[in-house]
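Residue numbers (the numbering used here): 11 to 619. From the three backbone atoms N, C-alpha and C, an ideal C-beta is built for every residue, glycine too. Worksheet: one structure, shown below.
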Ligand SMILES: *[C@@H]1O[C@H](CO)[C@@H](O)[C@H](O)[C@H]1NC(C)=O
Ligand SMILES: *[C@@H]1O[C@H](CO)[C@@H](O)[C@H](O)[C@H]1NC(C)=O
Ligand SMILES: *[C@@H]1O[C@H](CO)[C@@H](O)[C@H](O)[C@H]1NC(C)=O
Ligand SMILES: *[C@@H]1O[C@H](CO)[C@@H](O)[C@H](O)[C@H]1NC(C)=O
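As structure tokens, this is what we get:
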């Protein structure tokens, strides 16, 4: 990077000096009057440029002080569906509430809470979104939990990907300080400025992407790139953007395939990419869960390349779904797809759980981020949900619990009544769909499915849900059971994530109470006294939960963040007009029409045919 930049500078300098000599010769050949005209012209152009700049600056300032003023979703919240829904469901509360966005936005001066003896790290912050800090006992309890998790990580695993809380050490996977980068925006949202500043220094001085090592494209994108972009947006600190742009360039080799469908692994240091040796196919959810991050990166860097590569994948998948619709699984894709010919592997399962989940999530969320240029994704989402309801949604015999099963292969459509905990993202995404103006009936499914997700916690002796639950369609006296091999719990976020969406959009405090019970169960069984929280081996046995020596980065990035947001009294401190959360709970801004021009989106009208 550095090398090529200095070459470019050298080149520019030489060209400039040649041009300067040439211009001087021309100037001397002009008459005095001609020279005066040219001078006047230059001055006039300069004044016009200044004027345009000032007007632009003024508009920007106005936009910042009222971020939702020209929201692209204004029409949606005024539409018949949204209004009817609001009256029907929300009572006094308004969905968009005309709020000032995510906390308050500070002006250009650095009037932060930093103490006088601390020197501000970045004196020219363009803006910083401020959060009020914990407002009630439940939120304070979540902050205490975060600090406890952080104290373990800070003491025993600083700079490592994960805390190993039982052996009090650190573990690596991607080797990118995963827990630290993933938790930065959580700290700002919780008002933990001291912890944030310390972590920021680590990112500034110790995080680099030069290791000669393969990392998973999807995980690196949602956790590291998403984390950096989100914290850049919230803090206004340019250092995070520079890191994000560096990382973004190093992810691009994964897209160098004939079809543009990326390979699963990329070597950030060596600039190479490869697929998994065992199959050669890419995972559907992985190739389709990069777009929010790449679009935001293009928006803030002005480099359209990232967005172009990622949206190309979405368009390819869209074409695929259209051609695929005649097959048994309809708009649902199997979990593997070939980067060589962009064909789905029809013998692979169809699921909204592992390897399928966030394909559906990002269909909707990219539409939430971009609006009309991603309308084809909203349409795919709508069709996919119809096929989910038709092929995958069932009710148990015993108490009519709604769940989402799987197809063991796309070509045969054999139903399997098992549901990953991961599927519990769906209620939140369905609620967001209604919020964005899609069919109101999604809300009914969202409520019913979220109730089932909650019961997968509540009906276990520990109050925590297993990784996979099997449902009963026969006339037995229970609704579901868990196999021993699936009885572990990684403290995953999906259920509390959906609880937050549903609470945020309905103000029904039942969802807060459910979340509180889940939080209490986490405290009871997963807390490690010396610092941190442990994953569990068995949620079915209160006396032998089998704490595991690992704290996942999504526990602090997502689970605790969503719990904190769920318990917030003032839900307008965050609103879905202005933010879209990526798959790792990193809030990114919804892009307005004027932002979209920087993406240079090639709106391909053939996708609508
Ligand atoms: C990148 O980080 C690693 C680990 O912190 C360090 O050993 C290495 O020297 C750094 N490389 C550069 C180019 O800064
Ligand atoms: C995506 O990129 C590939 C490779 O550059 C190209 O062949 C393909 O036509 C593109 N697909 C779409 C849908 O734009
Ligand atoms: C369940 O159904 C089977 C066959 O359909 C029947 O033989 C059995 O008696 C039923 N059991 C109960 C508890 O209803
Ligand atoms: C709140 O949500 C719960 C669970 O979905 C539901 O049983 C209850 O009726 C809801 N309350 C209101 C006032 O809508």
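Contact with chain C by residue 347, beta-carbon distance below 8 Å: This model lacks chain C altogether; it includes just one protein chain.
Ligand 2 heavy atom lying under 7 Å from the CB of residue 193: Checking the Cβ of residue 193 against ligand 2 gives no.
Any non-hydrogen atom of ligand 4 within 7 Å of residue 305 CB: no
Extent of the continuous beta strand (DSSP E) to which residue 414 belongs: 412-414
Proximity test, residue 230 beta-carbon vs ligand 1 heavy atom, cut-off 7 Å: no
Integer-rounded CB distance, given that residue 295 should sit under 8 Å from residue 565: Going by Cβ atoms, the distance from residue 565 to residue 295 rounds to 21 Å, so no, they are not a contact pair.
Residue 172, enclosing alpha helix (DSSP H) - first and last residue: Run containing residue 172: none in the alpha helix (DSSP H); it sits in the beta strand (DSSP E), 172-174.
Cβ neighbour criterion (16 or more within 10 Å) applied to residue 177: Flag for residue 177 reads exposed.
Sequence-distant residues of its chain with Cβ nearer than 6 Å to residue 81 (five each side left out): Confidence at residue 81 is low in this model, with a pLDDT of 32, below 50, so the placement of that residue should be treated as unreliable; the coordinate-derived value is given next. Excluding sequence neighbours, residue 81 sits near 587.
Between the CA atoms of residue 400 and residue 138 - distance to the nearest angstrom: 46 Å
C-beta atoms of residue 257 and residue 227 nearer than 8 Å: no
8 Å Cβ cutoff met for residue 171 and residue 181: Yes, they are a contact pair.
Local conformation of residue 226 per DSSP, three classes: strand
Reduced DSSP secondary structure (H/G/I, E/B, other) of residue 91: Per-residue confidence for residue 91 stands at a pLDDT of 29, beneath the threshold of 50, marking its modelled position as unreliable; no derived number is given.
DSSP-derived helix/strand/coil call for residue 601: coil
The stretch 452-465 touching the stretch 435-442, judged by at least three CB pairs closer than 8 Å: Touching, yes, given that three or more Cβ pairs across the two stretches are closer than 8 Å.
Contact set for residue 590: own chain, Cβ-Cβ below 7 Å, skip 5 residues either direction: 302, 375, 378, 379, 598, 600
Residue 333 CB to nearest heavy atom of ligand 2 below 7 Å: no
Environment of residue 370 [buried if 16+ CB atoms lie within 10 Å]: Looking at its Cβ environment, which holds 16 or more other Cβ atoms inside 10 Å, residue 370 is buried.
Which residues DSSP lists as bridging residue 283, in chain order: 276
CB of residue 675 within 8 Å of CB of residue 344, strictly: There is no way to answer for residue 675, as the model of the chain reaches only from 11 to 619.
Distance, residue 501 Cα to residue 550 Cα: 15 Å
Residue interval of the beta strand (DSSP E) (run including residue 405): 403-405
Nearest-angstrom Cα separation, counted from residue 328 out to residue 390: Straight-line Cα distance between these residues: approximately 7 Å.
The stretch 480-497 touching the stretch 529-540, judged by at least three CB pairs closer than 8 Å: no
Nearest-angstrom Cα separation, counted from residue 410 out to residue 326: 38 Å
C-alpha gap between residue 145 and residue 573, whole angstroms: Pairing residue 145 with residue 573, the inter-Cα distance amounts to about 13 Å.
Residue 298 CB to nearest heavy atom of ligand 2 below 7 Å: no
Under 8 Å between C-beta atoms of residue 462 and residue 506: no
With 16 other Cβ atoms within 10 Å as the buried cut-off, status of residue 428: buried
Under 5 Å, CB to nearest heavy atom of ligand 2: contacting residues: The answer, residue by residue, is 270, 322, 325, 326.
Ligand 1 heavy atom lying under 7 Å from the CB of residue 216: Yes; taking the cut-off as 7 Å, the Cβ of residue 216 has a heavy atom of ligand 1 nearer than that.
Residue 161 versus residue 583: straight-line alpha-carbon distance, rounded: 27 Å
DSSP state of residue 537 mapped onto helix, strand, coil: DSSP, reduced to helix, strand and coil, places residue 537 within a strand of the structure shown.
The stretch 506-523 contacting the stretch 413-430, beta-carbon criterion three pairs below 8 Å: no
beta-carbon residue 461 near ligand 4 non-hydrogen atom, thresh 7 Å: yes
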